[in-house]
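In the working numbering, the protein residues as written are 78 to 451. The beta carbon of each residue, even a glycine, is placed where N, CA and C say it ideally should be.
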């Protein structure tokens, strides 16, 4: 209902049918530039009829937080009863502003009408100008967000600051949403929501969110008013790495060494250290990495023994950094060691036509020897 007729001011020999206007809520925009403080008064402008807010009745249908009582002016009414007058202001859901002066004599403070009254008050003049300016300018708001672009890795999150800029005295809450543009696996939330001045948009992505640049549309709604602004979300690959080794295959004889170069290739800004390990070595063989852990490359040294079985073996190199585990494979071919030469060769002449030869057999799988006469 708002302020409504309360009663008439009782006639007074000194003040007539009016009493002073007493200011409350002086921080309201209505009083901007007036210098009013709570409790300040303006003489002679409340009456002869006065209104006030009847709390037992429903309040006006006002945008939340906009209904404000601007004065509380005591008077004695014609029934010789203590009473009070209120002025008020609020914004309707349509965006229009509604002002109730609470008195039929407000205009006495605006100008000297030649009737001998000297009630002109520049503070009430400024108050009236504020109200009229607000009525002329439509109540509205605009949205903006910063930064204009934010970059996040897959599975990460980022934030934007959303600002609500009122015009024409707008002061209602704005309900915010990301109306378009979020990639799959991503979500957005605002805090607070609804908001009156600003809010934080938090965007979270999933490890499966596609890499790319996305235009997000932020929508704000208050009553019949709807406005949007856009920001850019850039999703990069999550920090990761891959392993490779060269050459793909090495051949070594039993008891011999060999080596491979291991490369760590970073993606998505990966900069961590990778712990390397080796599986698949045949018995009697060992392997070591230098350096380990490594950031870009490492050398794998493999040493076999004389007892290492011959054959082709697949070795698996595993690299670990936190929750990331990557592997690569390579081949190791072990050949048998060549036989050693026989030793201790002795020739014994048994006759003019016969010589017996004896020697210490060579190691290895030797099945026959060839003897040549020089």
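Boundaries of the beta strand (DSSP E) in which residue i is found, first to last residue
i	result
residue 162	159-162
residue 433	431-437
residue 126	126-130
residue 176	174-177
residue 247	From DSSP, residue 247 is part of no beta strand (DSSP E); its letter is neither H nor E.
residue 334	334-344
residue 392	388-398
residue 371	Neither: residue 371 is in no beta strand (DSSP E) and is coded neither H nor E.
residue 278	275-281
residue 97	95-99
residue 328	326-330
residue 408	401-412
residue 227	226-230
residue 352	352-356
Classification of residue i by the beta-carbon crowding that lies within 10 angstroms, buried from 16 upward
i	result
residue 86	buried
residue 176	buried
residue 246	buried
residue 427	exposed
residue 280	buried
residue 431	exposed
residue 445	exposed
residue 434	exposed
residue 250	buried
residue 366	buried
residue 173	exposed
residue 422	exposed
residue 88	exposed
residue 315	buried
residue 166	buried
residue 424	exposed
residue 448	exposed
Local conformation of residue i per DSSP, three classes
i	result
residue 203	helix
residue 426	strand
residue 317	strand
residue 184	helix
residue 167	strand
residue 107	helix
residue 86	strand
residue 209	helix
residue 196	coil
residue 81	strand
residue 268	strand
residue 119	strand
residue 147	coil
residue 256	strand
residue 155	coil
residue 366	strand
residue 296	strand
residue 139	coil
residue 216	coil
residue 236	strand
residue 26	The structure shown does not extend to residue 26, since the chain spans only 78 to 451, so no value can be given for it.
residue 134	coil
residue 302	strand
residue 288	coil
residue 307	strand
residue 322	strand
residue 261	coil
residue 418	coil
Beta-carbon separation (whole angstroms), residue i vs residue j, contact threshold 8 Å
i	j	result
residue 376	residue 341	Residue 376 to residue 341, Cβ: 12 Å. No contact.
residue 154	residue 160	4 Å
residue 258	residue 294	5 Å
residue 214	residue 195	Residue 214 to residue 195, Cβ: 33 Å. No contact.
residue 302	residue 218	7 Å
residue 379	residue 409	6 Å
residue 168	residue 132	With a Cβ gap of about 20 Å, residue 168 and residue 132 do not count as contacting.
residue 209	residue 239	Their Cβ separation, rounded to whole angstroms, is 32 Å, which puts residue 209 and residue 239 out of contact at 8 Å.
residue 292	residue 233	In fact, because the Cβ distance is near 19 Å, the residues do not count as touching under 8 Å.
residue 170	residue 138	6 Å
residue 105	residue 147	6 Å
residue 275	residue 253	Not a contact, Cβ separation roughly 10 Å.
Residue i at chain C interface by Cβ criterion, 8 Å
i	result
residue 291	The structure shown contains no chain C; it holds only a single protein chain.
* Determine, using beta-carbon pairs with one atom in the segment 114-130 and one in the segment 255-269, whether at least three such pairs fall under 8 Å. => Contact between the segment 114-130 and the segment 255-269 is absent: fewer than 3 CB-CB pairs across the two stretches fall below 8 Å.
* With contact counted as at least three CB pairs below 8 Å, one residue from each stretch, are the segment 197-214 and the segment 282-289 in contact? -> Flag = no, the segment 197-214 and the segment 282-289 do not touch.
* Asked: For the segment 411-430 against the segment 383-401, are there 3 or more C-beta pairs whose distance is under 8 Å?
  -> yes
* Does the count of Cβ pairs from the segment 387-406 and the segment 353-368 closer than 8 Å reach three? -> Under the 8 Å Cβ criterion, the segment 387-406 counts as touching the segment 353-368, having at least three qualifying pairs.
* Asked: At a cut of 8 Å, does the segment 320-336 reach the segment 296-311 through at least three beta carbon pairs?
  -> no
* Is it a yes or a no for the segment 333-349 touching the segment 297-306, going by three-plus beta-carbon pairs under 8 Å? -> no
* Asked: Counting Cβ pairs closer than 8 Å, one from the segment 88-98 and one from the segment 116-126, do we hit at least three?
  -> yes
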